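K.L.:
Take this structure, written in structure tokens, and hold onto it; I'll ask about it next.
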Amino acid sequence: HPQPHPAAPAGMPAAPGAPVWGAPPPPPKSSTGKIVGIVVACVAGLALLASLSAVVLYMAADDKDDSGNGKAAKPTGKRYSLKLRDTVLDGEYKLADDVSKEVQADLDAEVGGDQYTSVSGVYAPAGDGEDSLTVLAFHGDIELPGMEKRGFLRGSAEDEGTRVVRKATDFEIPGASGTVTCQVLAEKEDGVGDIIIPTCVWADRDMLVSTVVGDPELVDADPKAVDLEAAAKDLVTIRDELRVPRK
1 HPQPHPAAPA GMPAAPGAPV WGAPPPPPKS STGKIVGIVV ACVAGLALLA
51 SLSAVVLYMA ADDKDDSGNG KAAKPTGKRY SLKLRDTVLD GEYKLADDVS
101 KEVQADLDAE VGGDQYTSVS GVYAPAGDGE DSLTVLAFHG DIELPGMEKR
151 GFLRGSAEDE GTRVVRKATD FEIPGASGTV TCQVLAEKED GVGDIIIPTC
201 VWADRDMLVS TVVGDPELVD ADPKAVDLEA AAKDLVTIRD ELRVPRK
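Residue numbers for the sequence shown, in UniProt numbering: 1 to 247.
Laid out in structure tokens, this is it:
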């Protein structure tokens, strides 16, 4: 698995402008706790922004150009939906906060209607660890999966103070049916340093599945050292764990 595996406990403090998911947490008891909270807040805000941008870019599209950022999955005879699970990655991460309703409300506010159904959660390590893994996904009828992917990639880098430190790379993962696209972002936080945030996204005509990793150990890390291929493989595993046949 890639080192960047973040999943945050429910109710971690949100940075200014980031969505507040869960109940207010107690004050951190140490500088380490503060750093964890800041990392989690950054990841939560970026994940939501990216998810909304994917939808908004798609809804605003008028040129129907679905090229770029890798190949979308080829249509198959089967149609799928998504169901949030209590654990992902073979039990390695457990659900800390189901944010599907919060994300759904924001999606509805942006695009209206019921075109998309959010299936989103923040996961924490089942064992030791302070990293967090945010899964932002939605299912529906997606005409332009490639454009949805571009929207996610662009949106995740549009938050003020966030920048792309490793450009989007496509990965051909066995069983993925289409490319998984990953990039690395960084957000500067006073008193903490550069928060390094690996993100991955995959889409087909039924769904978009994305992961955003937050790991205190990646603060000020070399973006080139992040194992994005491992992160892409994890996304495919998570997609398979969440995917269910459409009724």
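Note that the Cβ used here is the ideal one computed from N, Cα and C, for glycine as well. Here the structure is a predicted model, which means the values were calculated and not measured.
For Glu130, does the three-state DSSP call read helix, strand or coil?
P.N.:
coil
K.L.:
What are the partner residues of Pro125, as DSSP defines its beta bridges?
P.N.:
Tyr93
K.L.:
Tell me the rounded alpha-carbon separation between Asp108 and Gly127.
P.N.:
35 Å
K.L.:
Can you give me the start and stop residues for the beta strand (DSSP E) that Ser245 sits inside?
P.N.:
A quick correction: the sequence has Pro, not Ser, at residue 245. First-last of the beta strand (DSSP E) with Pro245: 243–245.
K.L.:
Short of 8 Å in beta carbon distance, which residues of its chain neighbour Tyr93, apart from the five on each side in sequence? Order them along the chain.
P.N.:
Residues His5, Ala7, Thr87, Tyr123, Ala124, Pro125, Ala126, Leu133 of the same chain have their beta carbon placed closer than 8 Å to that of Tyr93, with the five preceding and five following residues left out of the count.
K.L.:
Buried or exposed for Pro174, please, with buried defined as at least 16 other CB atoms from any protein chain shown within 10 angstroms of its CB.
P.N.:
exposed
K.L.:
Give the C-beta separation of Leu228 and Trp202 to the nearest angstrom, bearing in mind that I take them to be a contact with Cβ-Cβ under 8 Å.
P.N.:
Going by Cβ atoms, the distance from Leu228 to Trp202 rounds to 13 Å, so no, they are not a contact pair.
K.L.:
Please confirm whether Val135 and Gly121 have their CB atoms less than 7 Å apart.
P.N.:
Val135 places its beta carbon less than 7 Å from that of Gly121.
K.L.:
By how many angstroms is the C-alpha of Ala186 removed from the C-alpha of Asp194?
P.N.:
6 Å
K.L.:
Taking just the CA atoms, how far does Val212 sit from Thr169?
P.N.:
15 Å
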